[in-house]
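In my numbering, the protein residues as written are 128 to 403.
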């Protein structure tokens with residue numbers, strides 16, 4: 128993944144000001160979502176077609192004291208993306224954009240004109256990110272501001288969320304450099320007594336384009352401890368390659384996946400109501 132761009136997210140510096148959340152909405156011209164006070168500082172309560180990123184407020188209790196652990200949530204831009212593997216209409220694909228400095232911004236994108244609304248990507252995603260819009264009839268997600276970064280005349284710009292981050296929680300740069308910075312920061316935190324400090328995103332799901340610095344287990348941040356691509360997706364990918372000779376087996380896998388998806392879709396109805 129040499130010379131590819133990534134975003135470093137140092138959650139130890141996040142103040143939950145949510146300037147990144149506002150900047151994301153503004154740059155992508157996404158509409159506001161009508162919400163209610165549902166007992167949390169988190170708003171909107173879920174990702175969706177109009178909300179491509181949000182800040183999670185995670186409560187941690189230790190020695191009878193509560194502290195916040197904040198999480199920037201959005202599409203993780205997996206380098207081995209389950210959503211790409213499972214998409215039956217080829218609506219979701221990898222996109223590589225060469226930047227002015229010679230580096231590459233690799234992202235997962237979905238063409239809403241090809242999306243058939245099956246929600247396979249939603250079920251397959253280990254981070255439960257893709258948000259299908261009943262209104263727009265398509266999947267929408269974080270693009271790492273490809274349009275903004277690729278078209279800047281001064282070599283390259285940075286994503287809107289990074290530009291808006293006053294505390295320096297977010298940094299945009301070469302992935303190898305972002306990993307090195309994260310590992311250096313983790314070493315500092317461990318020296319300071321944060322024994323659980325760790326890097327998240329370096330190797331998870333073959334590597335993410337968002338690299339996190341955490342001071343607790345991933346699940347404390349609302350992240351899966353060991354994210355993985357569902358076995359059914361791997362089987363589907365293997366059996367549907369052009370040189371695969373197991374069409375019948377692929378059909379069985381498809382039926383199994385379809386059954387799981389139908390069950391899952393019934394649970395998405397409430398979210399759809401929020402977006403209508």
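Built from N, CA and C at the ideal position, the CB exists for glycine as well. From a predicted model like this one, the values you see are computed outputs, not experimental measurements.
When 352, 265, 353 and 306 are compared against residue 240, the one with the closest alpha-carbon: Counting from 1 along the chain shown, the entry for residue 240 is found at position 113. Nearest option by C-alpha distance: 265.
Short Cβ contact (8 Å threshold) for residue 213 with residue 248: Looking up residue 213 in the chain shown gives position 86. Looking up residue 248 in the chain shown gives position 121. Going by C-beta atoms, residue 213 is nearer than 8 Å to residue 248.
Residue(s) in a DSSP beta bridge with residue 180: Within the chain shown, residue 180 is the residue found at index 53, counting from 1. According to DSSP, residue 180 bridges with 201.
Residue 137 - partner residues in DSSP beta bridges: Against the chain shown, residue 137 aligns to sequence position 10. Answer is 340, bridged to residue 137.
Beta-carbon proximity of residue 205 to residue 332, cut-off 8 Å: As a working note, residue 205 is residue 78 in the chain shown. As a working note, residue 332 is residue 205 in the chain shown. It is a contact, given that the beta carbons lie within the stated cut-off.
Buried/exposed call for residue 176, threshold 16 Cβ in 10 Å: Along the chain shown, read from residue 1 onward, the residue named residue 176 stands at position 49. Classification of residue 176: buried, given that the 10 Å Cβ count is 16 or more.
Within 8 Å, strictly: CB atoms of residue 254 and residue 134: On the chain shown, position 127 is the one that residue 254 refers to. On the chain shown, position 7 is the one that residue 134 refers to. No, the pair does not count as a contact, with Cβ atoms beyond the cut-off.
CA-to-CA distance, residue 271 to residue 180, given in whole angstroms: Indexing the chain shown from 1 puts residue 180 at position 53. Indexing the chain shown from 1 puts residue 271 at position 144. For residue 180 and residue 271, the distance between alpha carbons rounds to 11 Å.
Burial state of residue 193 (16 or more Cβ within 10 Å): Numbered from 1 along the chain shown, position 66 holds the residue referred to as residue 193. By the 10 Å Cβ count, residue 193 comes out exposed.
Same chain, Cβ closer than 8 Å to residue 166, five either side skipped, listed in chain order: Position 39 of the chain shown, counted from the first residue, corresponds to residue 166. The answer is none, since no qualifying residue turns up.
Residue nearest to residue 156 in terms of C-alpha spacing, selected from 148, 225 and 303: In the chain shown, counting from the first residue as 1, residue 156 sits at position 29. Taking only the C-alpha atoms, the option nearest residue 156 is 148.
Residue 163 (DSSP reduced to helix, strand or coil): Counting from one through the chain shown, the residue named residue 163 turns up at place 36. In the structure shown, residue 163 sits in coil (DSSP, three-state: anything other than H, G, I, E or B).
With 16 other Cβ atoms within 10 Å as the buried cut-off, status of residue 168: Residue 168 sits at position 41 when you count from the first residue of the chain shown. By the neighbour-count criterion, in which 16 or more other beta carbons inside 10 Å mark a residue as buried, residue 168 falls on the exposed side.
Which of helix, strand or coil DSSP assigns to residue 290: Taking the chain shown and counting its residues from 1, one reaches residue 290 at position 163. In the structure shown, the three-state DSSP call for residue 290 is helix.
Helix, strand or coil at residue 143 [DSSP, three-state]: Translated into positions along the chain shown, residue 143 becomes position 16. Residue 143: coil per DSSP, three-state reduction.
Presumed contact (8 Å Cβ cut-off) between residue 404 and residue 301, rounded CB distance: Since the first residue of the chain shown is 128 and the last is 403, residue 404 is not available in this structure.
Inter-residue CB distance, residue 407 and residue 251 (contact presumed, cutoff 8 Å): The question about residue 407 has no answer, for the chain in this structure spans 128 to 403.
Sequence-distant residues of its chain with Cβ nearer than 7 Å to residue 223 (five each side left out): As a working note, residue 223 is residue 96 in the chain shown. Excluding positions up to five away in sequence, the list reads 231 and 233.
Cβ neighbours of residue 399 in the same chain (closer than 7 Å, five flanking residues each side left out): As a working note, residue 399 is residue 272 in the chain shown. Residue placement at residue 399 is flagged as unreliable, the pLDDT there being 49, under the threshold of 50; a coordinate-derived value is accordingly withheld.
Through-space distance from residue 256 to residue 268, alpha-carbon basis: Position 141 of the chain shown holds residue 268. Position 129 of the chain shown holds residue 256. Approximately 8 Å between the Cα atoms of the pair.
Cβ-based burial, residue 138 [other Cβ within 10 Å; buried from 16]: Along the chain shown, read from residue 1 onward, the residue named residue 138 stands at position 11. The residue is buried, with at least 16 neighbouring Cβ atoms inside 10 Å.
Residue 360 versus residue 191: straight-line alpha-carbon distance, rounded: Locating residue 360 in the chain shown gives position 233, where the first residue counts as 1. Locating residue 191 in the chain shown gives position 64, where the first residue counts as 1. Rounded to the nearest angstrom, the two C-alpha atoms are 43 Å apart.
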